[in-house]
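Working notes, structure below.
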Amino acid sequence: MQLLAVFGKPVLHSKSPQIFNTLFSKSNIDAFYTRFRVESGHEVVDAIRNFGIAGANITTPFKEAVLMCLNSVSNEVMTIGSINTIVFKDGKTIGYNTDYYGVTKAIEDSGVKIKGKSAIVLGAGGAGKAAAYGLAKEGASVTIVNRTLLKAEKAAKKLGCNFAPMEQLAMLLKTTDVLVSTILPDANPLLGITLPSNLAVLDANYRTSSIAAQATEQGCKIIPGERWLLRQAELAYFHFFGDWPNIETMEQALLNAKP
Ligand code: ATR
């Protein structure tokens, strides 16, 4: 039996085990997917090697820290600077990023076109950089806005995006089509700002978040964060097993997953 896992801190809320284990049982794959709460990127790689974990997903806050601990990484990871998927094969750890795919597919699944649109990415951590990369790759004009401006600047320069401080959010949002938030669920730099009703909002937090609640109340188009989870898992599955999973099975697993 192959063992797979998601690593993070916190990690108990993750619905990845339900999605993958449902896929394994429906497709008769002899594998089991679990979760590990860890304290560092090194711990992730040690656990992968010690337990012989064939495939792993990495969540907050280790998407950048784990990078330096791997044997090799994909071209996208070289540009984005963060990983969320590791394949362990022939004694080597290989890092991939599937978040950039997840975010753009989630937006398109909701009927929102990306090409030619103006987008803001809130946050310049692992998820924020992947979102900015994906949106720019699909032809959006992207501005990264982050509490620590220097991180936004560094990421923007690497990814060919713009960057701005939080203080400019209200002004920038007037001409923004898509907002992707990757910051913590209870942080909300949009409080006090009236969001344009034509704004499409995707919050990476697929449980409740202050930003998603405000956007819903103010009549914005909501792109479910769970769709991002689903679509990044789809590409992760491809890296693990070399073929594409059944997306309807994944959707059903997500619907049935315990909160
Ligand atoms: P992830 O892998 O999910 O992107 P991360 O790399 O830890 O997680 O990044 C967290 C992001 O949330 C960062 O952009 C962080 O901003 P800083 O770079 O300024 O630390 C942002 N963040 C965390 N707490 C925040 C808060 N209270 N208000 C605004 N932004 C916050």
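First residue of the sequence shown: 244, per this note's numbering; consecutive thereafter. Even for Gly, the Cβ is constructed at its ideal location relative to N, Cα and C.
Return yes when the C-beta of residue i is under 7 angstroms from any heavy atom of ligand 1, and no when it is not.
| i | result |
| --- | --- |
| residue 407 | no |
| residue 390 | yes |
| residue 307 | yes |
| residue 253 | no |
| residue 476 | no |
| residue 371 | yes |
| residue 435 | no |
| residue 322 | no |
| residue 303 | yes |
| residue 260 | no |
| residue 329 | no |
| residue 394 | yes |
| residue 367 | yes |
| residue 375 | no |
| residue 418 | no |
| residue 445 | no |
| residue 428 | no |
| residue 451 | no |
| residue 432 | yes |
| residue 277 | no |
| residue 425 | yes |
What are the boundary residues of the alpha helix (DSSP H) that includes residue i?
| i | result |
| --- | --- |
| residue 287 | 284 to 294 |
| residue 346 | 342 to 352 |
| residue 363 | Here residue 363 belongs to no alpha helix (DSSP H); instead the beta strand (DSSP E) covers 361 to 365. |
| residue 492 | 490 to 499 |
| residue 320 | 318 to 323 |
| residue 371 | 369 to 380 |
Which one of the options has the shortest CA to CA distance from residue i?
| i | options | result |
| --- | --- | --- |
| residue 306 | 340, 280 and 261 | 340 |
| residue 279 | 273, 296 and 266 | 296 |
| residue 272 | 484, 497, 490 and 476 | 484 |
| residue 460 | 476, 249, 470 and 436 | 436 |
| residue 403 | 387, 391, 392 and 409 | 387 |
| residue 433 | 449, 455 and 473 | 455 |
| residue 446 | 268, 317 and 349 | 349 |
| residue 351 | 300, 493, 466 and 266 | 466 |
| residue 508 | 268, 269 and 302 | Because the chain spans 244 through 502 in this model, residue 508 falls outside it and cannot be assessed. |
| residue 293 | 257, 317, 331 and 266 | 331 |
| residue 251 | 369, 495 and 268 | 369 |
| residue 413 | 439, 265 and 472 | 439 |
| residue 492 | 264, 245 and 430 | 264 |
Only counting the same chain, and skipping five residues up and downstream in sequence, which positions put a Cβ closer than 7 angstroms to that of residue i?
| i | result |
| --- | --- |
| residue 347 | 357, 377, 378 and 381 |
| residue 283 | 308 |
Cβ of residue i less than 8 angstroms from any chain C Cβ?
| i | result |
| --- | --- |
| residue 306 | No chain C is present in this structure, which holds just one protein chain. |
In its own chain, which residues sit with a C-beta less than 6 angstroms from the C-beta of residue i, not counting the 5 before and 5 after it?
| i | result |
| --- | --- |
| residue 254 | 278 and 280 |
| residue 384 | 361 |
| residue 334 | none |
| residue 475 | 341, 342 and 345 |
| residue 428 | 448 and 452 |
| residue 398 | 367, 372 and 387 |
| residue 500 | 258 and 261 |
| residue 267 | 274 |
| residue 353 | 466 |
Return the first residue and the last residue of the beta strand (DSSP E) that residue i is part of.
| i | result |
| --- | --- |
| residue 328 | 328 to 332 |
| residue 337 | 335 to 339 |
| residue 386 | 384 to 388 |
Go through its chain and collect everything with a Cβ distance to residue i's Cβ below 8 angstroms, but skip five positions before and after it.
| i | result |
| --- | --- |
| residue 442 | 416, 419, 420, 421, 422, 458, 463 and 464 |
| residue 343 | 319, 323, 373, 374, 376, 377 and 380 |
| residue 487 | 477, 480 and 481 |
| residue 391 | 367 |
| residue 311 | 284 |
Next item on the list: Run through the segment 403 to 475 for me and flag every whole alpha helix (DSSP H) of 4 or more residues, listed as ranges in chain order.
Entry: As summarised for the segment 403 to 475, the continuous alpha helix (DSSP H) elements at least 4 residues long and confined to that stretch are 412 to 416 and 453 to 460, given in chain order.
Note to self: So within the segment 244 to 288, which uninterrupted beta strand (DSSP E) runs reach at least 3 residues, ignoring any that extend past its ends?
What the structure shows: Within the segment 244 to 288, the beta strand (DSSP E) runs of at least 3 residues that lie entirely inside it are, in chain order, 245 to 251 and 274 to 280.
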